[in-house]
Amino acid sequence: MSNRWPTEQVIVTGALGWLGLRLAQTLAAGLDEHEALRGPNENLRIRALVLAGQDAAPLRKISPRVEIVEGDLRDPAACVQLCAGAKGAILFHTAGVIHPKSVSEFYAINVEGGKNILTAAEKAGVDSIPVKGPEETKRVIEAIIACLADRDQAA
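Here the sequence shown stands for residues 581 to 735, numbered as in the numbering used here.
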């Protein structure tokens, strides 16, 4: 990983989802196709949020640098715990529900959960990845998504 990567710790919500898991894998292993992610950064720590009871084995297989935190975005205290002691880290918020059982579930997870994690991150001094964020961060995320999509199509 290049020295231009701005932190030694990242937080990933939705870490067992399609994007979150691939993001964690890419952050741990590096991505040769993008300068800011070239090669693995053995100092990068990845804190991953998973729901209680979920099988976190796929995350544990990635690297011993992955820390599993059980919690739910709907619980503000769990969001505070996830961000605790992570000042200067970058939050990749990839959690959400796309096929909810009800509108209230969609709202609770995607809207209220999003507010909870962003509030906790801000209070802890964690930088979140905004949709229209800094151009370099946006390019890194776009590169990750494009490469992951190419790899999935090739598989």
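Where is the CB? At the ideal position from N, CA and C, for every residue including glycine.
Should G600 and T593 be called a contact, given that it needs their Cβ atoms to be closer than 8 Å?
The answer is yes: Cβ separation under 8 Å.
Just the Cα atoms here: how many angstroms apart are V711 and P586?
At V711 the pLDDT is 42, less than 50, meaning the model places this residue with poor confidence and gives no usable figure here.
Tell whether a beta-carbon distance below 8 Å holds between R627 and A666.
Result yes, Cβ atoms of R627 and A666 sit closer than 8 Å.
Spatial neighbours of A704 within its chain, please: C-beta separation below 7 Å, excluding the five flanking residues on both sides.
So the list reads C663, A664, A666, K667, once near-sequence residues are dropped.
Could you tell me which residues DSSP pairs with S708 in its beta bridges?
In DSSP, S708 forms a bridge with L671.
Using CA atoms only, rank isn't needed, just tell me which of K681, A688, R625 is closest to Q589.
The candidate whose alpha carbon is nearest that of Q589 is R625.
Please return the same chain residues whose Cβ sits closer than 7 Å to the Cβ of V660, not counting the five positions on each side in sequence.
Within the same chain, V660 has close Cβ partners A700.
Can you tell which of G597, L653, D612 has its C-alpha closest to the C-alpha of N690?
It is L653.
With a threshold of 8 Å between beta carbons, is V590 in contact with chain C?
You won't find chain C in this structure, because it holds only one protein chain.
Leaving out five residues on either side along the sequence, give the residues of the same chain with a beta carbon under 6 Å from the beta carbon of L671.
If we look at L671 and ignore the five residues flanking it on each side, its Cβ neighbours are I591, A701, V706, S708.
Would you call the CB atoms of A604 and I642 closer than 8 Å?
Taking 8 Å as the Cβ cut-off, A604 and I642 qualify as a contacting pair.
Starting from V630, follow its DSSP beta bridges and name the residues at the other end.
Answer is E650.
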